[in-house]
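In what follows, a structure is listed as structure tokens, so that the remarks can point back to it.
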Amino acid sequence: MTKTVEIKQGEFAGWQTWPTEPFEYETAGPFYFRADEQGPVAAFRAERKHMNAGGVVHGGCLMAFADYALFAIAHEHIQDEYGLTVAFNSEFLSGPVEGTYIEARGDVLRAGRSLIFVRGLITGDGKPCLNFSGTIMRKPKK
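The sequence shown begins at 622 in the numbering used here and counts up by one.
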């Protein structure tokens with residue numbers, strides 16, 4: 622896993638991110654994560670760049686965020702290893718609009734030696750947007 626960095630200012634001050642992941646940090650995101658009293662959570666604020674022509678967050682953005690959330694949810698199980706998504710499933714439930722606070726929470730269903738199974742739900746201002754599940758393959762750092 623790449624090194625995390627704590628955000629020092631703004632809405633997500635105190636949260637962490639992986640700035641060495643250019644797609645998730647610069648292009649699709651930025652996305653953030655932390656653990657709170659309910660467990661791991663990932664989040665971002667929907668901006669104009671995340672929208673589709675219909676005025677809601679693009680489905681590809683939600684899926685990219687869900688993939689990021691797999692790793693945020695499984696973060697403590699990966700630690701000093703690198704992980705790859707080897708399976709991913711999702712169902713769209715609703716489309717959040719610009720300005721919406723987007724959040725993902727979920728559970729690690731099983732963490733084995735090489736595979737980690739995760740499921741989660743993305744909400745927009747508390748309304749369900751995307752149901753997802755995925756499998757991460759652990760890869761030791763070289």
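Backbone N, C-alpha and C fix where the C-beta goes; we use that ideal spot for every residue, glycine too.
Neighbourhood of residue i by C-beta distance below 6 Å, restricted to the same chain and skipping five residues each side
i: A725; result: A663, A690, G741, I743
i: P761; result: E702
i: G733; result: none
Residue i at chain E interface by Cβ criterion, 8 Å
i: F709; result: Of the protein chains in the structure, only one exists, and it is not chain E.
Residues near residue i in its chain [Cβ-Cβ closer than 7 Å; skip 5 each side]
i: G727; result: A690, I694, V739, R740, G741, L742
i: F665; result: G650, P651, F652, Y653, F686, I723
i: M672; result: V678, H679, E719
i: G676; result: V718
Residue i versus residue j: straight-line alpha-carbon distance, rounded
i: E697; j: M758; result: 14 Å
i: Y722; j: V707; result: 28 Å
i: T638; j: G681; result: 20 Å
i: S715; j: K670; result: 18 Å
i: Q630; j: A674; result: 31 Å
i: K748; j: A634; result: 24 Å
i: M684; j: V678; result: 10 Å
i: P646; j: R655; result: A small correction: the amino acid at residue 646 is Tyr; Pro does not occupy that position in the sequence shown. In a straight line, the C-alpha of Y646 is about 15 Å away from that of R655.
i: E632; j: L705; result: 29 Å
Close-in-space but distant-in-sequence residues of the same chain around residue i (CB under 8 Å, 5 per side omitted)
i: I699; result: M622, F692, I737, I757, R759
i: N710; result: F753, S754, G755
i: S735; result: M758, R759
i: D657; result: none
Candidates the options: closest to residue i by CA position
i: V729; options: T648, P640, I628, G660; result: G660
i: K624; options: V707, Y703, G635; result: Y703
i: R731; options: G755, K629, I628; result: G755
i: W636; options: P651, A667, V718, P643; result: P651
i: P640; options: G631, E632, A634, E627; result: E627
i: T648; options: A634, E632, E668; result: E668
i: C750; options: F713, G676, F633, A634; result: F713
Assigned exposure category for residue i - 16 Cβ within 10 Å defines buried
i: D688; result: buried
i: F644; result: exposed
i: G745; result: buried
Identity of the residues DSSP links to residue i by a beta bridge
i: D657; result: G660
i: P749; result: T744
i: F713; result: L751
i: I757; result: T706, I737
i: Q637; result: E627, F654
i: D728; result: R740
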